[in-house]
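Notes follow once the structure below has been shown.
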Amino acid sequence: MVLTEEKVRALAAIARLGITEEELTALTIALNRTCQYIAEIREAPVPEGITEAFGGEPTNTGREDQVLPSWPREAVLRNAPEQANLCFQTPRILED
Amino acid sequence: MEMTKMNVGALRKALDRREISAVELATYYLDRIAQLDPQLKAFITVPRAEVLQMAAAADRRIATQEDVTALTGIPVAIKDNICTEGIRTTCASRLLADFYPIYDATVVAKLKQAGAVLLGKTNLDEFAMGSTTKESFYGLTRNPWDRQRVAGGSSGGSAVAVAAGMAPLALGSDTGGSIRQPAAFCGVWGLKPTYGRVSRYGLVPYAPSFDQIGPMARSGWDLFLLFRGIAGYDPLDPTSLPASVEAEGDLSGSIRGLRVGLPREFFGAGLDGRIKERVLAVAKVLAEAGCELMELSLPSMAYALPAYYLLAYAEASSSMARYDGVRYGIREGAEQGIVGMMTATRQSLGLEVKRRILLGTYFLSADCYEECYQQAQKVRTWMKQDFAAAYSRCDLLLTPTTAAPAFRIEGEAEDEPVLALTEQYTVAANLTGNPALSFPCGWINHLPVGAQLMGPAGTDELLLRVAAVYTENAPGEAVPERTARDVGEQIEV
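Read top to bottom, the protein sequences are chains A and B. Each residue of the first sequence is one higher than the one before, starting from 1 at the first, in our numbering. Each residue of the second sequence is one higher than the one before, starting from 97 at the first, in our numbering.
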């Protein structure tokens, strides 16, 4: 479980996370430290028969469908960095 | 009238008898914030005009005696990762420096309905990711008992606001100990409720299967009043528990015959011997009040912290994906296309948030998923079973909240083993979803120490009752003998 700077750079690209070269160095050291620490979990003596699910705990509950008022579009757009025609505006995604 | 020395019950009486108005009370706290906060930095935003408007509305309710509740006219500080309509909610991030929510979190709506006065938004580690309140874009919060030491975190601002008498009550959020650890470091009470008892609607998510909003206060009774004001079923939160477990009752009643477990794993290596001594003194008081003490073991605890890191960071990487520069927050690099914009926008996040996003992304990758992430899920299930077995033998568990008192801002706050030590006793309650309470139980020199009570789901009030009995029967030097007012006097203004 060793993360190289290249691997950390690749993770940052997957996460769409801008990091500087200085941060890359610091983060590579920090990430490896945590990975080293958590590695022991692979050896955890989890008792037989334990799965990921735990019976009897609350689960997500769906509500009956109900028509309720929604937020006004103007209000939702109030915090948008850019908007146009009552829509969020983003840079062009598809080429012409 | 020395208002910082009065508990919420006394403030209620003073308001109802018109000895003081809600506006005067709010003004008193606003002035105290103006006086102390430049040095402590517990608050990010204090909307003075809105505060006074809310207080005036509370006065009108009190004048007509209509819909007056225990919290009408009482100021409450709100952690700045809880949405407040029209009041800036930054999550202590540069990214949300100008974010004004269009709705109130359910807890905020409940407080407004009860007539409480929202005093301001308190400082935290960015997006609640941290245990020092150092990782805030708006500056670090200092411990009022020693300003060279951390307040704890991530609800450090709320803890300091209450400890220094800048608010009688505050809301925090707790994902791995973020209410209880700063409560212990600052000498106040803090409750991480049973998962689902307090709505998370409007809480900016960090790790949703762990996150809970909870109350912070200077006494058990004050804490109970705020808990009762925010607990209850909420259809807007799909993980909300049914109404049948809503807060009820009071803190009276005997604790005689309760079985209190002392789990070995919380009293071993790494624990400051002086804290151990204080917590065992709590056990002694409880035994004198009629509780039965028993030692027990929770073997799954050895893997609690690795499991927490794996699962919480994985959830964090997913939660943070929403900050892409499209719907809210700042936008940067729009000229670089959509991916470039997302990447450049997220560059402004702090290093600790980036560390957790990257680790979470890695834990969910094919390299790690099966061996580590799924294993952590199994450990979480094991812990739930392990704790359920313990609760079949005892009614609740008594442990230290932290392994050491508040550490120094310089040096120790960057030391990962020191940070891990502060989280090792608190994460279990978040992994199991059970309630946990931190309450003051003494001092090490000039620094407060906290004890933690944990119980099975739904025992939130029982924990409060037991801690209240301890406080009533504790030797004088064990509970904070210095008052919040004295904290103010220590600070040069």
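From the three backbone atoms N, C-alpha and C, an ideal C-beta is built for every residue, glycine too.
Using a C-beta to C-beta distance shorter than 7 Å, which residues of chain B count as neighbours of A:Ala-30? Going along chain B in sequence order, the residues near A:Ala-30 (Cβ under 7 Å) are Arg-451.
Out of B:Thr-237, B:Arg-184, B:Gly-292 and B:Trp-478, which has the shortest C-alpha to C-alpha gap to B:Ser-251? Taking B:Ser-251 as reference, the option from B:Thr-237, B:Arg-184, B:Gly-292 and B:Trp-478 with the minimal CA-CA separation is B:Thr-237.
Under 8 Å Cβ-Cβ, which residues of chain B neighbour A:Ala-84? Under the 8 Å cutoff, chain B gives no residues; its nearest Cβ is about 13 Å from A:Ala-84.
Taking only the alpha-carbon atoms, compute the straight-line gap between B:Ala-372 and B:Cys-387 and give it to the nearest angstrom. As written in the sequence, residue 372 of chain B is Lys, which differs from the Ala given in the question. Cα to Cα, B:Lys-372 sits roughly 19 Å from B:Cys-387.
Rounded C-alpha distance that separates B:Gly-429 from B:Arg-184: Taking the CA atoms as reference points, B:Gly-429 sits about 24 Å from B:Arg-184.
When the Cα atoms are used, what is the spatial distance from B:Leu-559 to B:Gly-551? Each residue's CA atom was taken as its position, placing B:Leu-559 and B:Gly-551 some 7 Å apart.
Taking the beta carbon of B:Ile-158 as the centre, do at least 16 other beta carbons fall within 10 Å, making it buried, or is it exposed? B:Ile-158 comes out buried.
Nearest candidate by alpha-carbon position, reference B:Gly-261, set B:Thr-271, B:Gln-471, B:Ala-138 and B:Ala-205: It is B:Ala-138.
Is the CB-CB distance between B:Leu-494 and B:Ala-377 below 8 Å? Pairing B:Leu-494 with B:Ala-377 gives a Cβ-Cβ distance that is not under 8 Å.
Would you mind telling me which residues of chain A sit closer than 7 Å to B:Ala-439, beta carbon to beta carbon, in chain order? For the sequence presented, residue 439 of chain B should be read as Thr rather than Ala. Chain A residues near B:Thr-439: Arg-16, Leu-17 and Gly-18.
Strictly under 8 Å for the Cβ-Cβ distance: is B:Gly-507 near chain A by that measure? It does not: the Cβ of B:Gly-507 has no partner Cβ on chain A nearer than 8 Å.
Any beta-carbon of chain A closer than 8 Å to the one on B:Gln-471? Chain A has a Cβ within less than 8 Å of the Cβ of B:Gln-471.
Looking at the C-beta of A:Thr-90, does it have a partner C-beta in chain B at a distance below 8 Å? Yes, contact with chain B.
Does the region 450 to 464 of chain B come close enough to the region 240 to 249 of chain B that 3 or more CB-CB pairs lie under 8 Å? No, they do not touch.
Near-chain A residues of the region 186 to 220 of chain B - C-beta to any C-beta below 7 Å: Cβ contacts with chain A come from Phe-195, Tyr-196 and Ile-198.
Starting from the N-terminal side, write out each stretch of the beta strand (DSSP E) that is 3 residues or longer and does not extend beyond the region 105 to 157 of chain B. Taking 3 residues as the minimum length, the beta strand (DSSP E) runs contained wholly in the region 105 to 157 of chain B are 139 to 141, in order along the chain.
In this structure, does DSSP put B:Ala-547 in helix, strand or coil? Residue state, collapsed to three classes: strand.
Distance, B:Gly-216 Cα to A:Thr-25 Cα: Cα to Cα, the separation comes out at about 38 Å.
Taking B:Thr-202 as the reference, which of B:Gln-244, B:Val-294, B:Arg-114 and B:Ala-279 has the closest Cα? Selection B:Gln-244, B:Val-294, B:Arg-114 and B:Ala-279 evaluated against B:Thr-202 yields B:Val-294 as nearest (Cα-Cα).
Does DSSP classify B:Thr-271 as helix, strand or coil? It is coil, neither helix nor strand.
Could you tell me how far apart the beta carbons of B:Phe-233 and B:Ala-188 are, in whole angstroms, since I believe they sit closer than 8 Å? Contact between B:Phe-233 and B:Ala-188 holds: CB atoms are separated by about 6 Å, below the 8 Å threshold.
Counting only beta-carbon atoms, is A:Glu-21 nearer than 8 Å to chain B? The C-beta of A:Glu-21 comes no closer than 8 Å to any C-beta of chain B.
Answer yes or no: do B:Gly-316 and B:Trp-285 have a C-beta to C-beta separation smaller than 8 Å? Yes, these two residues count as a Cβ contact at 8 Å.
Would you check if the distance between the CB atom of B:Thr-497 and the CB atom of B:Ser-534 is smaller than 8 Å? The beta carbons of B:Thr-497 and B:Ser-534 sit closer together than 8 Å.
Should the region 521 to 541 of chain B be regarded as contacting the region 275 to 285 of chain B, the criterion being three or more beta carbon pairs within less than 8 Å? The region 275 to 285 of chain B and the region 521 to 541 of chain B touch, with three or more beta-carbon pairs separated by less than 8 Å.
Can you have a look at B:Pro-571 and say buried or exposed, based on whether 16 or more other CB atoms are within 10 angstroms of its CB? Exposed, since its Cβ has fewer than 16 Cβ neighbours within 10 Å.
Let me know the beta strand (DSSP E) ranges lying completely inside the region 182 to 270 of chain B, each 3 residues or longer, listed in chain order. Segments of the beta strand (DSSP E) lying fully in the region 182 to 270 of chain B: 213 to 218, 242 to 246 and 265 to 270.
Could you tell me the distance, in whole angstroms, from the CA atom of B:Val-545 to the CA atom of A:Arg-33? Rounded to the nearest angstrom, the two C-alpha atoms are 29 Å apart.
Is A:Arg-73 close to chain B? Criterion is C-beta to C-beta, closer than 8 Å. Not one chain B Cβ lies under 8 Å of A:Arg-73.
Distance, B:Thr-457 Cα to A:Arg-9 Cα: Going by the C-alpha atoms only, they are around 12 Å apart.
Can you confirm whether the region 349 to 369 of chain B touches the region 383 to 398 of chain B when touching is taken to mean that 3 or more C-beta pairs between the two stretches lie within less than 8 Å? The region 383 to 398 of chain B, when compared against the region 349 to 369 of chain B, does touch it at the 8 Å Cβ threshold.
Any beta-carbon of chain A closer than 8 Å to the one on B:Gly-273? For B:Gly-273, no Cβ of chain A is located within less than 8 Å of the residue's own Cβ.
Do B:Asn-530 and B:Ala-553 have their CB atoms nearer than 8 Å? Their beta carbons are under 8 Å apart, which means B:Asn-530 touches B:Ala-553 by this criterion.
What three-state label does DSSP hand B:Thr-100 in the structure shown? Reduced to three states, the DSSP call for B:Thr-100 is helix.
Looking only at its chain, what residues have a beta carbon closer than 8 Å to the beta carbon of B:Ala-486, apart from the 5 residues adjacent to it on each side? Cβ within range, chain order: Gly-357, Pro-359, Leu-392, Leu-394 and Leu-493.
Alpha carbon to alpha carbon, how far is B:Arg-418 from A:Glu-82? Give it in angstroms, no decimals. If I take the Cα positions, the gap works out to 16 Å.
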